[in-house]
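Chemist: Protein chains in written order, with our numbering: chain R, 881 to 1076; chain S, 881 to 1076; chain L, 881 to 1076; chain F, 881 to 1076. What follows is a single structure, and I will ask about it in a moment.
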């Protein structure tokens, strides 16, 4: 089975997820800028989720680049990832409309955590399908981002019950970790691990 | 006529169907986890339908793999399949929002049954377009899953009026039948039928 | 400019139009089959529009097959067609929710009429881009369907104010004209026109 | 990294943005043409935004045509552009439902201005990735449209607080500037700049 349709289907689902989130930005009743104020939390959580889905699309793209043969487990691991990502519009809207309450902030992190786990499962399915000389395994390397993110999500979920803003700040931090190019950090990590 | 646009269009429609279902998970009024409780049936029926549409996408993908020439009857049989699948978000939402009432559970099965019939019609359109040496015909083999599923849907529809939970359990069973790899069962069936 | 992205974009828009129509099938309040009765007009108008969009997608597919070079006028004529087709979900919902009232039935036909005109304009843009030996021009032939349909739409719009059901019946007739293979009729027309 | 998935993803997002806008055209309560009157502003703003998104899709298409290697900055500049364009359905609906009030008309222009800036940033990211002999840089030329549009958006935003209709008229003018072929103007500009 070729990977073109897998990519096309994933692109379609991700494009729709990222776009239907904006439907939660409901047209305000008023006609002045004051009417926009209650929408700010919805807008900010939309912007954060947009960045997260962009990161997922970007990484998914790179990861599938190394795939040649799509196995049944890759296909279903991919579906599993799309399932959790499809819940992002729901948690995004709840965070925004509750104006940063605790439970929504925790659930937002829980869906991100499940998505990260699903991404890891997909990664492992691809690596194991490629056997000993897996290109993806070498490309991932130490995968410190992939290891730090779930820990930060878990911390954020716990902290959300204390102060939701702290949890949301942590989600922003994780997004920045993935966005900012990290050659120096990766270089350091490589040295620590004795790799070239 | 090439099959690329047929695949692209079907992928697009399936990706949209699978994703707009999540719009039925409406943001709850409350701001604590208790507010999520009435959403559980909607979430569970969403998850089940997500799996069903994943199975359809997967099988559709494999089936079209054997097609070289897209005839008019293949094109319209494909449209007919997409029509029934497009009703899945509606029945999914009704099952969820009615908290597993009888009529919604029966209608959910009826749409699955019509989709299965439409899938069978598409399969026959492809087989007959390929003539005597149809690759698809050999690939399908005894097609016991394709034969058992409609019978289970019909049983579930009848049982839904007695106890909706039994019908829904049957839909889960059919999904599992398609998900779980069945080499042993197929091997047995092959032996029973005297095929290698 | 290649035509791949034009096809991909048109497929995307048509797939979304065809699928978001189903969002108008709102989950009923009740939990028995009686609750579905008021939805029947919405369902039937959805089914009719699904067939119309399927016909458009199918014909659009065949027409673009003859295109090699996408000019600016082809691109904008295509956008113009997509614009009118994007209004079909709105008129479909109005026809359904008004339970076949006169004005919605007339507007439904008006949007079909504008789509037919936009399709004709796109066809002419392609023919004129291909010059004297246009493949599309020969393929269209007498184009009796393309000539009869607007006349029937116009008649239906006028009749809608008298009896909406007659207008809707005419829309069904036009859909059938496009669906039913018409070799015999085309053969006859060819003979009448003295073509082989 | 190839550009096919970048194009496919952008096409998907643009196709969805353009199509979900029509969901704001809500089915009227009444059943006669009078019920459509309050929808006219929504319809007109939808038509204007449809044209804008068509122009963006068209130009995006041409611009990516010159790209061979997709860098990280191109990818994120593209995401940034899609983010601002994804807000168009929201501002379109607000303009329409407020029946051309001042604040919505200003916000509509602000999103168009941010989109124009994001487009410019993407253009620069592509030009700088192509180095000295950038094909895109030569293709853009003086880019007078790209320079005039932001100025007109800014003027419209300021004027919106005085008279919203003037702002909306300016948005129509900018759309026309992009739609109307401008060979003569470009010819003049070329002469002024001493280019052939």
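Beta carbons are placed, not taken as given, at the ideal position from N, Cα and C, and that holds for glycine.
For the segment 940-959 of chain S, list every residue whose C-beta sits within 9 Å of some C-beta in chain L, in sequence order.
Modeler: Listed by position, the residues of the segment 940-959 of chain S near chain L (Cβ gap below 9 Å) are 952, 955, 956, 959.
Chemist: Tell whether a beta-carbon distance below 8 Å holds between residue 990(R) and residue 1048(R).
Modeler: As a position in the first chain, residue 990(R) is number 110, starting the count at 1. As a position in the first chain, residue 1048(R) is number 168, starting the count at 1. Cβ atoms of residue 990(R) and residue 1048(R): not closer than 8 Å.
Chemist: Below 8 Å, how does it come out for the segment 994-1013 of chain R and the segment 930-945 of chain R: are there three or more Cβ pairs, yes or no?
Modeler: Contact between the segment 994-1013 of chain R and the segment 930-945 of chain R is present, because at least three Cβ pairs lie under 8 Å.
Chemist: Using a Cβ-Cβ cut-off of 8 Å, state whether residue 977(L) counts as contacting chain S.
Modeler: Locating residue 977(L) in the third chain gives position 97, where the first residue counts as 1. No, because no Cβ of chain S sits closer than 8 Å to the Cβ of residue 977(L).
Chemist: Which whole-angstrom value describes the C-beta separation of residue 1087(L) and residue 1058(L), a residue pair presumed to lie in contact below a C-beta threshold of 8 Å?
Modeler: No answer is possible for residue 1087(L): the residues shown for chain L start at 881 and end at 1076.
Chemist: Classify residue 1011(F): buried if its beta carbon has 16 or more other beta carbons within 10 angstroms, exposed otherwise.
Modeler: The residue given as residue 1011(F) occupies position 131 in the fourth chain. Burial call: exposed.
Chemist: Taking the alpha carbon of residue 900(L) as the point to measure from, which residue in 887(L), 918(L), 969(L) has its own alpha carbon closest?
Modeler: Residue 900(L) sits at position 20 when you count from the first residue of the third chain. Taking only the C-alpha atoms, the option nearest residue 900(L) is 969(L).
Chemist: Residue 949(R) to residue 883(R), Cα distance in whole Å?
Modeler: Against the first chain, residue 949(R) aligns to sequence position 69. Against the first chain, residue 883(R) aligns to sequence position 3. One C-alpha to the other measures close to 7 Å.
Chemist: Would you say residue 1053(F) faces chain L, with C-beta separation under 8 Å as the test?
Modeler: To locate residue 1053(F), count along the fourth chain from 1; it is residue 173. With 8 Å as the cut-off, residue 1053(F) does not count as an interface residue toward chain L.
Chemist: Just checking: is the beta-carbon of residue 1039(S) within a distance shorter than 8 Å of some beta-carbon in chain L?
Modeler: Here residue 1039(S) is taken as the residue at index 159 of the second chain, counted from 1. False, the Cβ-Cβ gap to chain L never drops below 8 Å.
Chemist: Would DSSP call residue 980(S) helix, strand or coil?
Modeler: Reading the second chain from its first residue, position 100 is the one you call residue 980(S). Correct three-state label for residue 980(S): coil.
Chemist: Relative to the C-alpha of residue 963(F), which residue among 933(R), 940(R), 1056(R) is closest?
Modeler: The sequence position of residue 963(F) within the fourth chain is 83, counting from 1. Residue 963(F) has its Cα closest to that of 933(R), out of 933(R), 940(R), 1056(R).
Chemist: Which of the residues in the segment 997-1015 of chain L, read from start to end, lie with their CB under 9 Å from any CB of chain F?
Modeler: Within the segment 997-1015 of chain L, no residue has a Cβ that lies closer than 9 Å to any Cβ of chain F.
Chemist: Given a threshold of 16 other Cβ atoms within 10 Å of its Cβ, counted over all protein chains shown, does residue 1013(R) qualify as buried or as exposed?
Modeler: Sequence index remark: in the first chain, residue 1013(R) carries index 133 (1-based). So residue 1013(R) ends up on the exposed side.
Chemist: Roughly how many whole angstroms lie between the Cα atoms of residue 919(L) and residue 1053(S)?
Modeler: The sequence position of residue 919(L) within the third chain is 39, counting from 1. The sequence position of residue 1053(S) within the second chain is 173, counting from 1. Straight-line Cα distance between these residues: approximately 30 Å.
Chemist: Given that residue 1020(S) touches chain R, what residues does it touch there, using C-beta distances under 9 Å?
Modeler: For the purposes of this step, residue 1020(S) is taken as residue 140 along the second chain, with counting starting at 1. Under the 9 Å cutoff, chain R gives no residues; its nearest Cβ is about 17 Å from residue 1020(S).
Chemist: Please work out which residues of its chain come closer than 6 Å, Cβ to Cβ, to residue 979(F), disregarding the five sequence neighbours upstream and downstream, and give them in chain order.
Modeler: Indexing the fourth chain from 1 puts residue 979(F) at position 99. Excluding positions up to five away in sequence, the list reads 921.
Chemist: Can you give me the C-alpha to C-alpha distance between residue 889(F) and residue 885(L), rounded to a whole angstrom?
Modeler: Indexing the fourth chain from 1 puts residue 889(F) at position 9. Indexing the third chain from 1 puts residue 885(L) at position 5. One C-alpha to the other measures close to 11 Å.
Chemist: Rounded to whole angstroms, what's the CA-CA distance from residue 967(F) to residue 902(R)? Just pull it up for me.
Modeler: Position 87 of the fourth chain, counting from 1, holds the residue named residue 967(F). Position 22 of the first chain, counting from 1, holds the residue named residue 902(R). Each residue's alpha carbon lies about 7 Å from the other.
Chemist: Quick one: what does DSSP say residue 1030(S) is sitting in, helix, strand or coil?
Modeler: Within the second chain, numbered from 1, the residue matching residue 1030(S) stands at position 150. If DSSP states are grouped into helix, strand and coil, residue 1030(S) belongs with the helices.
Chemist: Can a CB atom of chain F be found closer than 8 Å to the CB of residue 971(R)?
Modeler: Your numbering for residue 971(R) matches position 91 in the first chain. No, because no Cβ of chain F sits closer than 8 Å to the Cβ of residue 971(R).
Chemist: Write down every uninterrupted run of the beta strand (DSSP E) in the segment 904-966 of chain L whose length is 3 residues or greater and which is fully enclosed by it, in chain order.
Modeler: As far as the segment 904-966 of chain L is concerned, it has no whole beta strand (DSSP E) run of at least 3 residues.
Chemist: Give me the residue from 1046(R), 1055(R), 1018(R) with the minimum Cα distance to residue 1028(R).
Modeler: In the first chain, residue 1028(R) corresponds to position 148, counting from 1. The option with the nearest alpha carbon to residue 1028(R) is 1055(R).
Chemist: Going by other Cβ atoms of all chains shown within 10 Å of its Cβ, with 16 needed for buried, is residue 892(R) buried or exposed?
Modeler: Translated into positions along the first chain, residue 892(R) becomes position 12. Buried, since its Cβ has 16 or more Cβ neighbours within 10 Å.
Chemist: Classify residue 1010(R) as helix, strand or coil using the three-state DSSP reduction.
Modeler: The sequence position of residue 1010(R) within the first chain is 130, counting from 1. It is helical.
Chemist: Any idea if residue 887(L) is buried or exposed, counting beta-carbon neighbours within 10 angstroms, 16 or more meaning buried?
Modeler: Against the third chain, residue 887(L) aligns to sequence position 7. Answer is buried; the Cβ neighbour count reaches 16.
Chemist: Compare the C-beta of residue 934(R) with all C-beta atoms of chain S and state if any pair is closer than 8 Å.
Modeler: Residue mapping note: residue 934(R) aligns to position 54 of the first chain, counting from 1. Cβ-Cβ to chain S under 8 Å: no for residue 934(R).
Chemist: If the cut is a Cβ gap below 7 Å, which residues of chain B does residue 896(R) touch?
Modeler: In summary, chain B is missing from the structure at hand, where the protein chains are R, S, L and F.
Chemist: Restricting to Cα atoms, I'd like to know which of 925(L), 974(L), 952(L), 896(L) is closest to residue 937(L).
Modeler: Sequence index remark: in the third chain, residue 937(L) carries index 57 (1-based). Of the candidates 925(L), 974(L), 952(L), 896(L), the one whose C-alpha sits nearest the C-alpha of residue 937(L) is 896(L).
Chemist: Taking the continuous alpha helix (DSSP H) assigned at residue 902(S), which residues delimit it?
Modeler: Counting from one through the second chain, the residue named residue 902(S) turns up at place 22. Unbroken run through residue 902(S): none, as it is neither H nor E.
Chemist: Assuming residue 926(F) contacts residue 976(F) under a Cβ cut-off of 8 Å, what Cβ separation, rounded to an integer in Å, is found between them?
Modeler: Here residue 926(F) refers to the residue found at position 46 of the fourth chain. Here residue 976(F) refers to the residue found at position 96 of the fourth chain. About 7 Å; that satisfies the 8 Å criterion.
Chemist: Out of curiosity, what's the CA-to-CA distance linking residue 1079(F) and residue 951(R)?
Modeler: Only positions 881 to 1076 of chain F appear in this structure, which leaves residue 1079(F) out of reach.
Chemist: Mind checking if residue 937(L) is an interface residue toward chain S, Cβ cutoff 8 Å exclusive?
Modeler: As a position in the third chain, residue 937(L) is number 57, starting the count at 1. Chain S contact via Cβ: present.
Chemist: Against residue 928(F), what residues of chain R qualify as contacts under a CB-to-CB distance less than 9 Å, listed in chain order?
Modeler: The residue labelled residue 928(F) in the question sits at position 48 within the fourth chain. In chain order: nothing, as chain R lies at least about 16 Å away.
Chemist: Between the beta-carbon of residue 907(F) and the beta-carbon of residue 957(F), is there less than 8 Å?
Modeler: As a first step, residue 907(F) is located in the fourth chain; it is residue number 27 there, counting from the start. As a first step, residue 957(F) is located in the fourth chain; it is residue number 77 there, counting from the start. No. Outside cutoff.
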